[in-house]
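Shown next, in structure tokens, is the structure this report addresses.
Number of protein chains: 2
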Amino acid sequence: MPASIPAYDLPDRNGQVILSSRPAGVPQAEHFTLADAPIPAPGPGEILVRNIYLSVDPAQRGWASSVANYAAPVPLGGPMRALAVAVVLTSRVEGIAVGEFLYGVFGWQDYAVVGPDAIFHRATQDLPLDAFASLLGINGVSAYLGMTLLGRPVAGETLVASTAAGSVGSFMGQIGRALGLRAIGLTGSDAKVALCTERYGYDAAFNYKTADLDAALADAAPGGVDVYFDNTGGAILDTALRRMNVAGRVVQCGTASVVSWTPPPAGPRNEREILTRRLVWSGFLIFDHMARYAAAADALADMHHAGTIAYDIDLAHGLAAAPGAIAALYAGANLGKSLIKLG
Amino acid sequence: MPASIPAYDLPDRNGQVILSSRPAGVPQAEHFTLADAPIPAPGPGEILVRNIYLSVDPAQRGWASSVANYAAPVPLGGPMRALAVAVVLTSRVEGIAVGEFLYGVFGWQDYAVVGPDAIFHRATQDLPLDAFASLLGINGVSAYLGMTLLGRPVAGETLVASTAAGSVGSFMGQIGRALGLRAIGLTGSDAKVALCTERYGYDAAFNYKTADLDAALADAAPGGVDVYFDNTGGAILDTALRRMNVAGRVVQCGTASVVSWTPPPAGPRNEREILTRRLVWSGFLIFDHMARYAAAADALADMHHAGTIAYDIDLAHGLAAAPGAIAALYAGANLGKSLIKLG
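Protein chains in written order, with this note's numbering: chain A, 32 to 374; chain B, 32 to 374.
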């Protein structure tokens, strides 16, 4: 259980952030409206939760899109799909107790009625509540599982990660260092470069808006790159691919640098790089690996307690902060995991 | 040992096909000249072989290029690097006997002096000699190992292969069928389409020069594609990628459709396909897997004896046939594995 249970209040209506129009690319504040509704009541096999920390995640762009990818689009007029840390107020599910803290798909709203399928993780580790939506949230667990399952790192190898100060990337350098890798971070501002090397475990970091990335990688990784963990796609990816060693692994975890995929933008063809370098380029989606979630969360909590992994929160307050938060995330405005505290 | 040992004669000079100028893309006849040299003598740890079947392979384009990929460029003025089936005339290597037949990197020439490293396979299976440069050559073994090691097929899945009537592709349908897959072949002429379905084990095949490939794949693989074995790259690859199922495997074995890689041509960005479909896209090069060569050759020989895999040879005669043979291969002019018989 969390070390300290924060106070939370109970509004008498269910405030909600509604997806009111369909974004073509990154959702902006104008695509959402604030509304409220009666507090819902759980049926058999359901629970009522009060959200405490709403999460703002890159994945929400895909969820708001009309283009089906791995999940059905959020219905227009419905509350925005989102992860959150919540406390159980009413339980009609055996084994889930009132007062228990959970992390799951509870939406951008004050209250949610959900079944057990919506729960990603039960907050059993001894950590502050916000850790369950950051270090132990899908971003921290994606960093850990993406690296270990698909990156298949070997001590002494060189790791490069993009969005290196972001909600996933900030853990890559620290996990990489813990695994004995040399870690190089690519990020979007000089302030984030400093965070990468001073706080997030990277041996070197570069601002991809100002550096000559190819030259910087050649200099920082003279022996080539063994694992590239990509959250951006685009030209950054093309450059990193051409610095990979034979038998290198490329983990595709996000495509944050590409504004729109309809139609897909053009870039240099990469299949000859895959062939001649014998790369393994894999797509990582946390939802394929939920059976390993709890074990990954335990490992991350242990690392945190041992002092080998830190996490940062970029905190906003109140439902009204939500509509513009995804656009701010894609603009790189946050330092740390973007969360919104309710109550 | 081969079932029948063909007659072979012994010229008194070593005829050679020399790489005389550096091609920018696919090597043409004009990049080579015919020459001859004294028959070389083996030193300690070397053997002298007489080539019997010279092989013509897509990989020779890369070997002739000045751009280093997985192998050093063939030196200008030297004999063209090539695979061949040969007989041992003199042996200064323990365990290699005069009269033994070998398959290895012996070059486009009458004779070669090589060390044991040049030998890919000893012709121990009971098959005609030409089988060792086709079914049991790097093309057949690449089809078998690329499919099993990187394609990781499961019975009932759907396989798509490009250059489906080619020296690798002609085995993909047959191996796929033997593994319980539904196999769809993509090839470059109506005659090859007929070969694919009538002889090479494909359940369906399409001419990518005339078919609407996306519609054809949608029709032939309504449940999507699980394994895509790509020998072409380019637009064919882009179309097939967008028909892949979640967790599909893409094996990059060649890029025959792309005329030049300097600079790389542009195409639609594919990283979002990798991410949302959670593909695993791997580069396959036979030289990474030589430890499995003999076992794969045994498996292919067994399949041939059981009647489940056929092979075809497109045979030319004499060294003078070699210079134009790579260009003919890239033009798709051959039906069956392109070999040149000497003597």
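Quick reminder that beta carbons are idealized off the backbone N, C-alpha and C, glycines included.
Under 9 angstroms between the Cβ atoms of residue 332/A and residue 120/A?
Sequence index remark: in the first sequence, residue 332/A carries index 301 (1-based). Sequence index remark: in the first sequence, residue 120/A carries index 89 (1-based). Not in contact: residue 332/A and residue 120/A (Cβ atoms no closer than 9 angstroms).
Select from the stretch 285–298 of chain B all residues with a C-beta closer than 8 angstroms to any C-beta belonging to chain A, and list them in chain order.
285, 286, 289, 292, 294, 295, 296, 297 and 298
Taking the continuous alpha helix (DSSP H) assigned at residue 259/B, which residues delimit it?
Numbered from its first residue, the second sequence carries residue 259/B at position 228. Element bounds for residue 259/B: not the alpha helix (DSSP H) but the beta strand (DSSP E), 256–261.
Taking all protein chains shown into account, do 16 or more other C-beta atoms lie within 10 angstroms of the C-beta of residue 452/B, making it buried, or fewer, making it exposed?
Residue 452/B lies beyond the range of chain B shown here (32 to 374); nothing can be said about it.
From this set, 351/B, 149/B and 134/B, which residue's C-alpha is nearest residue 164/B's C-alpha?
Within the second sequence, residue 164/B is the residue found at index 133, counting from 1. For the residues 351/B, 149/B and 134/B, the minimum Cα distance to residue 164/B belongs to 134/B.
Considering just the uninterrupted stretch of the beta strand (DSSP E) at residue 152/A, what are its terminal residues?
Sequence index remark: in the first sequence, residue 152/A carries index 121 (1-based). Run containing residue 152/A: 150–153, per the beta strand (DSSP E) assignment.
Residue nearest to residue 169/B in terms of C-alpha spacing, selected from 289/B, 285/B and 352/B
Residue 169/B sits at position 138 when you count from the first residue of the second sequence. Nearest C-alpha to residue 169/B: 285/B.
What three-state label does DSSP hand residue 309/B in the structure shown?
Here residue 309/B corresponds to residue number 278 of the second sequence, with the count starting at 1. Three-state result, residue 309/B: coil.
Can you find the residues in the same chain that come closer than 7 angstroms, C-beta to C-beta, to residue 354/A, ignoring five residues on each side of it along the sequence?
Position 323 of the first sequence holds residue 354/A. 48, 60 and 63, listed in sequence order.
For residue 213/B, which beta-bridge partners are listed by DSSP?
Residue numbering aside, residue 213/B sits at position 182 when the second sequence is read from its first letter. Bridge partners of residue 213/B: 189/B.
Taking a Cβ distance cut-off of 8 angstroms, strictly less, list which residues of the stretch 192–220 of chain B are near chain A, in chain order.
none
Residue 64/B by DSSP, collapsed to three states: which one?
Residue numbering aside, residue 64/B sits at position 33 when the second sequence is read from its first letter. Strand at residue 64/B.
In three-state terms, what does DSSP make of residue 343/B?
Mapped onto the second sequence, residue 343/B falls at position 312. Three-state DSSP puts residue 343/B in coil, outside helix and strand.
Closer than 9 angstroms, Cβ to any Cβ of chain A: which residues of the stretch 303–328 of chain B, in chain order?
303, 304, 305, 306, 307, 308, 309, 310, 311, 312, 313, 314, 315, 316 and 319
With 16 as the cutoff for other CB atoms within 10 Å, does residue 207/A come out buried or exposed?
Counting from 1 along the first sequence, the entry for residue 207/A is found at position 176. Burial call: buried.
Residue 156/B (DSSP reduced to helix, strand or coil)
As a first step, residue 156/B must be located in the second sequence, where it is residue number 125. When secondary structure is reduced to three states using DSSP, residue 156/B falls in the coil class, being assigned neither helix nor strand.
Taking all protein chains shown into account, decide if residue 240/B is buried (16 or more other Cβ within 10 angstroms of its Cβ) or exposed.
Translated into positions along the second sequence, residue 240/B becomes position 209. Exposed, because fewer than 16 other Cβ atoms sit within 10 Å of the Cβ of residue 240/B.
When you compare only the Cα positions, how much space is there between residue 113/A and residue 46/A?
The count along the first sequence starts at 1 and reaches residue 113/A at position 82. The count along the first sequence starts at 1 and reaches residue 46/A at position 15. Their Cα atoms are separated by approximately 14 angstroms.
Paired residues, beta bridge with residue 184/B - DSSP
Numbered from its first residue, the second sequence carries residue 184/B at position 153. According to DSSP, which records beta bridges pairwise, residue 184/B is partnered with nothing at all.
Identify whether residue 366/A lies in helix, strand or coil by the three-state DSSP scheme.
Residue 366/A sits at position 335 when you count from the first residue of the first sequence. Reduced to three states, the DSSP call for residue 366/A is coil.
Threshold first: 4 residues or longer. Then list the alpha helix (DSSP H) segments lying entirely within the stretch 64–130 of chain B, N to C.
90–95
Can you confirm whether residue 261/A, when its beta carbon is compared against all beta carbons of chain B, has any partner nearer than 9 angstroms?
By one-based count along the first sequence, residue 261/A stands at place 230. Cβ-Cβ to chain B under 9 angstroms: yes for residue 261/A.
Could you name the residues of chain A that residue 283/B contacts, counting a contact when the two beta carbons are closer than 7 angstroms?
Counting from one through the second sequence, the residue named residue 283/B turns up at place 252. Within chain A, the residues near residue 283/B are 302, 305 and 306.
Between residue 50/B and residue 95/B, which are expected to be in contact by the criterion C-beta below 8 angstroms, what is the C-beta distance as a whole number of angstroms?
Sequence index remark: in the second sequence, residue 50/B carries index 19 (1-based). Sequence index remark: in the second sequence, residue 95/B carries index 64 (1-based). Their Cβ separation, rounded to whole angstroms, is 6 angstroms, which keeps residue 50/B and residue 95/B in contact under 8 angstroms.
Minimum Cβ-Cβ distance from residue 268/A to chain B less than 9 angstroms:
Numbered from its first residue, the first sequence carries residue 268/A at position 237. Taking Cβ atoms only, chain B reaches closer than 9 angstroms to residue 268/A, which makes this a yes.
Give the straight-line distance between the Cα atoms of residue 294/A and residue 303/B, rounded to the nearest whole angstrom.
Against the first sequence, residue 294/A aligns to sequence position 263. Against the second sequence, residue 303/B aligns to sequence position 272. Those two C-alpha atoms are separated by around 12 angstroms.
Taking C-alpha atoms, which residue in 257/A, 159/A, 329/A and 313/A lies nearest to residue 83/A?
The count along the first sequence starts at 1 and reaches residue 83/A at position 52. Distance check between residue 83/A and each of 257/A, 159/A, 329/A and 313/A places 159/A closest, using alpha-carbon atoms only.
Please decide whether residue 55/A counts as near chain B, where near means a Cβ-Cβ distance under 9 angstroms.
As a first step, residue 55/A is located in the first sequence; it is residue number 24 there, counting from the start. Not an interface residue.
Cutoff 6 angstroms; reference residue 34/B; Cβ partners in own chain excluding five residues on either side:
Working through the second sequence from its first residue, we reach residue 34/B at position 3. Per-residue confidence for residue 34/B stands at a pLDDT of 45, beneath the threshold of 50, marking its modelled position as unreliable; the derived number appears in the next sentence. Listed in chain order, the non-local C-beta contacts of residue 34/B below 6 angstroms within the same chain comprise 157, local neighbours out to five positions each way being set aside.
Those residues which DSSP pairs with residue 142/B across a bridge:
The residue given as residue 142/B occupies position 111 in the second sequence. Secondary-structure assignment with DSSP links residue 142/B through a beta bridge to 81/B.
Given that residue 264/A touches chain B, what residues does it touch there, using C-beta distances under 9 angstroms?
Residue 264/A sits at position 233 when you count from the first residue of the first sequence. Those within 9 angstroms of residue 264/A in chain B are 300, 302, 303 and 306.
Neighbourhood of residue 53/B by C-beta distance below 6 angstroms, restricted to the same chain and skipping five residues each side:
Walking along the second sequence from the start, residue 53/B turns up at place 22. Cβ neighbours of residue 53/B beyond the five flanking positions: 97.
Enumerate in chain order the residues of its own chain whose CB-to-CB distance from residue 210/A is below 7 angstroms, with the five nearest sequence positions on each side excluded.
Start at 1 with the first residue of the first sequence, and residue 210/A comes out as number 179. Cβ within range, chain order: 184 and 186.
Counting Cβ pairs closer than 8 angstroms, one from the stretch 68–84 of chain A and one from the stretch 141–150 of chain A, do we hit at least three?
yes
For the alpha helix (DSSP H) containing residue 267/B, list its first residue and its last residue.
Your numbering for residue 267/B matches position 236 in the second sequence. Counting along the chain, the alpha helix (DSSP H) containing residue 267/B begins and ends at 265–272.
Own chain residues within Cβ distance below 8 angstroms of residue 129/A, not counting five before or after
As a first step, residue 129/A must be located in the first sequence, where it is residue number 98. Taken in chain order, the residues that qualify are 119, 120, 121 and 122.
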